[in-house]
Amino acid sequence: MTEELFLKDSYLREFEARVVRLDGREVILDRTAFYPGGGGQPPDRGSLGVGPVRAEVVDVRREGGHIVHVLDHVIPETVREIRGKLDWERRYAHMRYHTALHVLSGVIWRRFGARVTGGQMRSDHARMDFSFPGEWTSEVVGEIERLTNEALAEGRPVRIYELPRGEALETPDLIRTQVNLVPERVKTIRVVEIEGIDSQADGGTHVANTREVGEMEITGHKSKGRQNKRIEFVLR
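One rule links them: number in the numbering used here = place in the sequence shown (from 1) + 263.
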């Protein structure tokens, strides 16, 4: 099992690890700060190296209990200890957008009772899809933007903790995010809570306070069907 350092510290930029397996351009370490992607958040990029040996991490994926780092070229099989370094600017952008998506999700749930059906982020934009039960107008979109930015500016702390699976399944806010889709083998659920706004089962990385997100600007909105709507936005 790879120790997932990003679960405890999203701000960890560099780390040291032991090489568990080296297979061509693919490397498995005993511990890593590289996020393997999931929940709409892309995998991290960065580098692995020791001394004169250095390779770029071009992809990261989860494979069973391990996290596989895909390099841009093969490194010597003699390498046993290695240092990882994240592309921090890219990772931090993902953290800001991921937290913004959670705040947006909380706003549309509390104000409109709309359930999120999907979302995706990049380092410079993001989108969210949700099932919206009411009339979809520019005024409604403007209200969503206003309420989201008010929540972000309030500097709400972002707290991460774990709950036993049974307790998590009995929490309405977590059920609406389909926490029940987590495999049965997972006995504890990682929860990301934005004070007074949102609580979700989530395995991604986030900023520590909503003020770090900045201001959200909705750049597009559309209907994706009778009820399914989409909002596209950037952060300033």
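Quick reminder that beta carbons are idealized off the backbone N, C-alpha and C, glycines included.
Exposure label - residue i; buried when at least 16 CB within 10 Å
| i | result |
| --- | --- |
| M264 | exposed |
| K209 | The requested residue 209 does not occur in the structure, where the chain is confined to residues 264 to 499. |
| P420 | exposed |
| E456 | buried |
Bridge partner(s) assigned by DSSP for residue i
| i | result |
| --- | --- |
| K348 | E277 and S310 |
| R394 | The sequence shown places Ser at residue 394, not Arg. Paired residues: R378 and N491. |
| R284 | I291 |
| V449 | For V449, which the question treats as bridged, DSSP gives no partner whatsoever. |
| R422 | E456 |
| G483 | E495 |
| V404 | V404 is not bridged to any residue. |
| A389 | M384 and F496 |
| D461 | I457 |
Same chain, Cβ closer than 8 Å to residue i, neighbours up to 5 away in sequence not counted
| i | result |
| --- | --- |
| E480 | E408, F496, V497, L498 and R499 |
| E402 | none |
Residue i versus residue j: straight-line alpha-carbon distance, rounded
| i | j | result |
| --- | --- | --- |
| Q441 | G467 | Confidence in Q441 is poor, its pLDDT being 46 and thus under 50, which makes the residue's placement unreliable; the coordinate value appears in the next sentence. Answer to the nearest angstrom: the Cα atoms are 16 Å apart. |
| G309 | L270 | 18 Å |
| Q463 | G312 | 35 Å |
| Y360 | H336 | 30 Å |
| G376 | V370 | 9 Å |
| T451 | V333 | 29 Å |
| R284 | V470 | 32 Å |
| T434 | P305 | 28 Å |
| G429 | V449 | 11 Å |
| R324 | Y424 | 24 Å |
| E458 | G303 | 22 Å |
| V331 | L268 | 14 Å |
| G397 | V366 | 20 Å |
Own chain, CB closer than 7 Å to residue i, minus 5 neighbours either side, in chain order
| i | result |
| --- | --- |
| G418 | N472, T473 and R474 |
| S386 | R353, A356 and H357 |
| E319 | S310, L334 and D335 |
| R288 | V333, L334, H336 and V337 |
Own chain partners of residue i with C-beta closer than 6 Å, once the 5 adjacent residues on each side are dropped
| i | result |
| --- | --- |
| L343 | The sequence shown places Arg at residue 343, rather than the Leu named in the question. Excluding residues within five positions, the ones whose Cβ falls inside 6 Å are V282. |
| R276 | L349 and W351 |
| W372 | none |
Heavy atom of the ligand NAP within 7 Å of residue i beta-carbon
| i | result |
| --- | --- |
| L432 | The model on display carries no ligand, and the ligand NAP is accordingly not part of it. |
| said: Would the stretch 344 to 356 count as touching the stretch 294 to 302 if we require 3 or more Cβ pairs under 8 Å? | reply: Enough Cβ pairs lie closer than 8 Å, so yes.
| message | Counting beta carbon pairs with one atom in the stretch 392 to 401 and one in the stretch 371 to 383, are three or more of them shorter than 8 Å? | response | Output reads yes: the stretch 392 to 401 touches the stretch 371 to 383.
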